[in-house]
Amino acid sequence: EEYGKVRHFLIFVRNGVKYLLNNALLQLKPLLDQRLDKIVEESRIKKYKSVKLDSISWSDKVSEAILPLIEEFGDVQITKTSPNASQTSFRKWNFELHTPMGLSKTNQENRIYVIESLWKAQKQKLRVREVSIEGEVVGDVWACSKSCQSLSDMVSPVITSDEEKMLAVGIGHEVILVNSETKKSYKFGKHGNYPGQLQGISSLAFSSVGNILVADNILNRVSMFSSEGEFILCFGTSRKNGSANEHSLSNPSALAIDAQDHVYVADTDNHRIAVFNHEGCYLKSIGCKGTKLRELIEPCALVLSDIVLGVLERGNKRIQFLSLESDNVVMGSLYLDNIPAPRHLIWIRSPGSDGKEDLSGDILVADSESVYHNKLSAE
36 EEYGKVRHFL IFVRNGVKYL LNNALLQLKP LLDQRLDKIV EESRIKKYKS VKLDSISWSD
96 KVSEAILPLI EEFGDVQITK TSPNASQTSF RKWNFELHTP MGLSKTNQEN RIYVIESLWK
156 AQKQKLRVRE VSIEGEVVGD VWACSKSCQS LSDMVSPVIT SDEEKMLAVG IGHEVILVNS
216 ETKKSYKFGK HGNYPGQLQG ISSLAFSSVG NILVADNILN RVSMFSSEGE FILCFGTSRK
276 NGSANEHSLS NPSALAIDAQ DHVYVADTDN HRIAVFNHEG CYLKSIGCKG TKLRELIEPC
336 ALVLSDIVLG VLERGNKRIQ FLSLESDNVV MGSLYLDNIP APRHLIWIRS PGSDGKEDLS
396 GDILVADSES VYHNKLSAE
C-alpha cells in the first residue's frame, strides 16, 4: 500500500514537471526561432561578405558588388529589370495586429485582407480585416472563435480570395467560404487521410473556373474541390528529400495558379517549386537547395504574374523574382534583413506592368507580429 502511494506521488510529480516544461517550450519557441534565423542570416552574410543588401539596385556601386559573383552562379543571369527599393528597408505598419497569420488580395481591385489570430480565455479568436496599402483598417469582414485547452491546440489559419468577392479561410481540416460583402459563409472539409479528407491546411488558391485547391502540409498533398465543396482530385505523395519520384511533396506550404491553371507548389522541405497542370500531372521543378541565385531554402510563400514568379524563402530570408520565360534568369532579389521571421507575401504590381519585365509595385511581407511594406520601382 505504501509503495502504491509513493508510485502515484511520483507519477503526479512527473506529469507536473512535463506540463511545466511543455509550457516553457511554447514560450521559448519564438525566441529560439528568431535566434535560428539570426544564425542563418549571419552565415549567409559571412559567405557573401559585402553582398548584404535590402534590394538590388543597378547603380555602379551595386553592380561592382554583384557582377564578380556571376561566375560563381554559373549559367544564372541577372537582368536589368531588378527591383530598386524606394526605401532601404521595409516599413512596418503602425496599427496593432494580433499575430497576422495570412495575407491575400484581389487582382482587379487590389483589396488587401489580413487574417489575425488571438489567444484569450482558452479560446482562439480569428478575424479577417480589409486594410489599405498604407495599413489603415477599412473594416472587419469575418470573425469566429474556437475553444482550445492550450496553445498547442491552436491552428494556423490561411486565407485567399477570388475575383467574385469570395474569401476562402482554411482552419485545420475545414475550408470556410465567406462573401466579403454580405458576410455570409459556409464550410466544408472532413478530417482524415482518405482522398477528399484534410488534416492540416497550409494554403488555398482559386482556379480560373472557381475550383478551390487546398495544400495540406500533414498529408503532404494538394486537393481540389468545386466551389460547392465536392472533391475532384488530389496529387502529391508524402516521401521526403527527393528519395521518391518527382511528384513527391514534403510540407507543401504555398500555392499559386497561372492563367493556364498550372499549379505552383512551394515544396518547402524539398527546397523547390513543383509545377503541376490542372489535372495534377507533374510538369517540372524550379530551384534546388542552396543559397545562390535561383537556389532555394525553405520556400514558404509565392506570388505570380504573367512572366514572373516571386518566391519568399524562410531559410535565406529573401524574395527572389524568377523569370518564367527562361529557366536561368533571375529578375531580382530582396533580402529581408529587418523582418524577424517572414512567412507571408503579396505583390501588388504597378498599373500597366502585366506582361512586361517590370517588377515595380508594392511588396507586403508578414511575420507573426506585423506586416511590412516596401515599394519597388524598375529603373
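Take 36 as the starting number for the sequence shown in this note's numbering and just add one per residue.
All C-beta atoms in this analysis are idealised placements derived from N, C-alpha and C, irrespective of residue type, glycine included.
Own chain partners of residue i with C-beta closer than 8 Å, once the 5 adjacent residues on each side are dropped
{"i": "S220", "result": "W177, I211, L212, V213 and N214"}
{"i": "S196", "result": "S139, K140, T141, R146, Y148, L202, A203, S215 and F241"}
{"i": "F44", "result": "none"}
{"i": "N228", "result": "Q234 and L254"}
{"i": "G174", "result": "R164 and E165"}
{"i": "V111", "result": "For V111, the predicted structure reports a pLDDT of 43, less than 50, and the residue's modelled location is therefore unreliable. A value from the coordinates is still provided. These residues qualify, in order along the chain: I105, K327, L328, R329, N363, V364 and V365."}
{"i": "L318", "result": "H297, V310, F311 and N312"}
Residues bridged to residue i (per DSSP)
{"i": "N214", "result": "M201"}
{"i": "P135", "result": "E151"}
{"i": "H408", "result": "R126 and L399"}
{"i": "R164", "result": "V149 and D175"}
Proximal residues to residue i (C-beta, below 6 Å), its chain only, five neighbours per side dropped
{"i": "G264", "result": "F223"}
{"i": "P230", "result": "C269"}
{"i": "S358", "result": "V364 and M366"}
{"i": "A291", "result": "Y299, L337 and L339"}
{"i": "H208", "result": "G224, H226, L233 and Q234"}
{"i": "K82", "result": "For K82, the predicted structure reports a pLDDT of 38, less than 50, and the residue's modelled location is therefore unreliable. A value from the coordinates is still provided. Closer than 6 Å at the Cβ level, and outside the excluded window around K82, lies no residue."}
{"i": "V417", "result": "Here the chain covers residues 36 to 414 and nothing more, so residue 417 does not appear."}
{"i": "H379", "result": "G137, L138, A336 and A401"}
Neighbourhood of residue i by C-beta, 7 Å cutoff - its chain only, sequence neighbours within 5 removed
{"i": "R42", "result": "none"}
{"i": "E106", "result": "Residue placement at E106 is poorly supported in this model, since its pLDDT is 35, which falls under 50; the coordinates are not used for a value here."}
{"i": "P192", "result": "M136, G137, I150, S152, L161, V204, G205 and I206"}
{"i": "R307", "result": "S320, I321, G322, C323 and L331"}
Where the beta strand (DSSP E) through residue i begins and ends
{"i": "F260", "result": "R256 to F260"}
{"i": "Y370", "result": "V364 to Y370"}
{"i": "F356", "result": "R353 to S358"}
{"i": "W382", "result": "H379 to R384"}
{"i": "S5", "result": "No information on residue 5 is available, as it lies outside the stretch 36 to 414 that the chain covers here."}
{"i": "T195", "result": "V193 to S196"}
{"i": "E330", "result": "Neither: E330 is in no beta strand (DSSP E) and is coded neither H nor E."}
{"i": "L318", "result": "Y317 to I321"}
{"i": "A178", "result": "V172 to S182"}
{"i": "I267", "result": "F266 to F270"}
{"i": "S340", "result": "First-last for S340: undefined, no H or E at that position."}
{"i": "S220", "result": "S220 to F223"}
Three Cβ pairs or more, each shorter than 8 Å: is that satisfied between the segment 124 to 142 and the segment 397 to 406? Yes, the segment 124 to 142 touches the segment 397 to 406.
Indicate whether the contact test is met: 3 or more Cβ pairs, each with one atom in the segment 254 to 268 and one in the segment 331 to 349, closer than 8 Å. Short answer: they don't touch.
Segments assigned beta strand (DSSP E), at least 3 residues, entirely inside the segment 278 to 307: If we require 3 residues or more, the beta strand (DSSP E) runs fully inside the segment 278 to 307 come out as 287 to 292 and 298 to 302.
For the segment 238 to 254 against the segment 278 to 291, do three or more pairs of beta-carbon atoms, one drawn from each stretch, fall closer than 8 Å, so that the two count as touching? The segment 238 to 254 is in contact with the segment 278 to 291.
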